[in-house]
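Colleague:
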Amino acid sequence: MIKALKYCFLINICSIATHLWSVVLLTVNDTYYNTTKEAMPFIIMGIAPTFFSSLIFMFVFSKKADFVYSRVLLLQFLVLFAWYAIYGLAFVENFKVFY
-5 MIKALKYCFL INICSIATHL WSVVLLTVND TYYNTTKEAM PFIIMGIAPT
45 FFSSLIFMFV FSKKADFVYS RVLLLQFLVL FAWYAIYGLA FVENFKVFY
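In case it helps, our numbering puts the sequence shown at residues -5 to 93.
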(Lines of atoms letter the chains of each structure in order from A and count residues from 1; the text may use other names and numbers.)
(Lines give C-alpha, C1' and ligand atoms only; values in the text may rest on other atoms or scores of the structure.)
Protein backbone atom coordinates (compact mmCIF):
# COMPACT_ATOMS: atom_id res chain seq x y z
CA MET A 1 0.00 0.00 0.00
CA ILE A 2 2.93 2.35 0.66
CA LYS A 3 4.06 2.02 -2.96
CA ALA A 4 0.56 2.87 -4.16
CA LEU A 5 0.55 5.96 -1.94
CA LYS A 6 3.94 6.94 -3.34
CA TYR A 7 2.69 6.71 -6.91
CA CYS A 8 -0.56 8.49 -6.08
CA PHE A 9 1.49 11.30 -4.56
CA LEU A 10 3.77 11.42 -7.63
CA ILE A 11 0.79 11.50 -9.99
CA ASN A 12 -0.79 14.38 -8.09
CA ILE A 13 2.50 16.29 -7.92
CA CYS A 14 3.01 15.84 -11.67
CA SER A 15 -0.53 17.02 -12.35
CA ILE A 16 -0.35 20.03 -10.03
CA ALA A 17 -1.49 22.35 -12.86
CA THR A 18 -4.83 20.58 -13.05
CA HIS A 19 -5.30 20.87 -9.30
CA LEU A 20 -4.54 24.58 -9.60
CA TRP A 21 -7.14 24.78 -12.38
CA SER A 22 -9.70 23.38 -9.92
CA VAL A 23 -8.70 25.87 -7.23
CA VAL A 24 -8.99 28.77 -9.68
CA LEU A 25 -12.46 27.64 -10.73
CA LEU A 26 -13.46 27.45 -7.09
CA THR A 27 -12.30 30.99 -6.42
CA VAL A 28 -13.73 32.72 -9.50
CA ASN A 29 -17.19 31.13 -9.53
CA ASP A 30 -19.89 32.99 -7.65
CA THR A 31 -22.85 30.97 -8.93
CA TYR A 32 -24.82 28.75 -6.59
CA TYR A 33 -26.88 25.88 -7.91
CA ASN A 34 -30.04 24.34 -6.51
CA THR A 35 -29.28 20.74 -7.39
CA THR A 36 -26.25 18.64 -8.18
CA LYS A 37 -27.68 17.98 -11.65
CA GLU A 38 -27.60 21.71 -12.48
CA ALA A 39 -24.01 22.00 -11.29
CA MET A 40 -22.75 18.91 -13.10
CA PRO A 41 -21.30 20.75 -16.18
CA PHE A 42 -19.35 23.06 -13.86
CA ILE A 43 -18.18 20.15 -11.71
CA ILE A 44 -17.10 18.15 -14.76
CA MET A 45 -15.21 21.15 -16.14
CA GLY A 46 -13.26 21.32 -12.88
CA ILE A 47 -12.60 17.61 -12.47
CA ALA A 48 -11.97 16.55 -16.09
CA PRO A 49 -8.41 17.94 -16.38
CA THR A 50 -7.39 16.15 -13.20
CA PHE A 51 -9.04 12.95 -14.42
CA PHE A 52 -7.22 12.98 -17.76
CA SER A 53 -3.86 13.93 -16.29
CA SER A 54 -4.27 11.10 -13.76
CA LEU A 55 -4.85 8.64 -16.59
CA ILE A 56 -1.83 9.93 -18.49
CA PHE A 57 0.51 9.75 -15.51
CA MET A 58 -0.84 6.33 -14.49
CA PHE A 59 0.11 5.11 -17.95
CA VAL A 60 3.57 6.70 -17.61
CA PHE A 61 4.22 5.19 -14.17
CA SER A 62 2.70 1.80 -15.05
CA LYS A 63 5.97 0.85 -16.72
CA LYS A 64 7.63 0.67 -13.28
CA ALA A 65 8.01 -2.79 -11.78
CA ASP A 66 6.46 -1.98 -8.38
CA PHE A 67 3.42 -0.13 -9.77
CA VAL A 68 0.13 -1.64 -8.55
CA TYR A 69 -2.48 -0.37 -10.98
CA SER A 70 -5.62 -1.27 -9.02
CA ARG A 71 -4.51 0.39 -5.79
CA VAL A 72 -3.29 3.55 -7.48
CA LEU A 73 -6.52 3.71 -9.48
CA LEU A 74 -8.53 3.42 -6.27
CA LEU A 75 -6.52 6.18 -4.58
CA GLN A 76 -6.88 8.46 -7.61
CA PHE A 77 -10.60 7.79 -7.61
CA LEU A 78 -10.70 8.96 -3.99
CA VAL A 79 -8.83 12.15 -4.97
CA LEU A 80 -11.32 12.83 -7.76
CA PHE A 81 -14.22 12.07 -5.42
CA ALA A 82 -12.78 14.56 -2.94
CA TRP A 83 -12.75 17.26 -5.64
CA TYR A 84 -16.35 16.34 -6.51
CA ALA A 85 -17.37 16.69 -2.87
CA ILE A 86 -15.53 20.02 -2.52
CA TYR A 87 -17.31 21.43 -5.57
CA GLY A 88 -20.64 20.06 -4.44
CA LEU A 89 -20.38 21.39 -0.91
CA ALA A 90 -19.18 24.78 -2.13
CA PHE A 91 -21.71 25.46 -4.86
CA VAL A 92 -24.79 23.28 -4.43
CA GLU A 93 -27.31 24.24 -1.78
CA ASN A 94 -28.94 20.80 -1.49
CA PHE A 95 -25.85 18.72 -2.22
CA LYS A 96 -26.39 15.01 -2.70
CA VAL A 97 -23.58 12.74 -3.82
CA PHE A 98 -25.82 11.00 -6.33
CA TYR A 99 -28.55 13.16 -7.80
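Even glycine gets a Cβ: it sits at the ideal position worked out from N, Cα and C.
Please read these numbers as outputs of a predicted model, since none were measured by experiment.
To the nearest angstrom, how far is it from the Cα of Val66 to the Cα of Phe3?
Modeller: In the sequence shown, counting from the first residue as 1, residue 66 sits at position 72. In the sequence shown, counting from the first residue as 1, residue 3 sits at position 9. The alpha-carbon atoms of Val66 and Phe3 are separated by roughly 10 Å.
Colleague: Give the straight-line distance between the Cα atoms of Gly40 and Asp60, rounded to the nearest whole angstrom.
Modeller: As a working note, residue 40 is residue 46 in the sequence shown. As a working note, residue 60 is residue 66 in the sequence shown. If you take the alpha carbons of Gly40 and Asp60, they lie about 31 Å apart.
Colleague: Please classify Ala86: is it buried, with 16 or more other beta-carbons within 10 angstroms of its beta-carbon, or exposed?
Modeller: Numbered from its first residue, the sequence shown carries residue 86 at position 92. First, the amino acid is wrong: residue 86 is Val here, not Ala. The residue in question, Val86, is buried, as its Cβ has 16 or more Cβ neighbours within 10 Å.
Colleague: From the DSSP secondary-structure annotation, give me the bridge partner or partners of Tyr27.
Modeller: Position 33 of the sequence shown, counting from 1, holds the residue named residue 27. Beta-bridge pairing links Tyr27 to Val86.
Colleague: Quick one, which of Met(-5), Asn28, Leu19, Ile5 has its alpha-carbon nearest Asn88's?
Modeller: In the sequence shown, residue 88 corresponds to position 94, counting from 1. Selected option, being the one with the closest Cα: Asn28.
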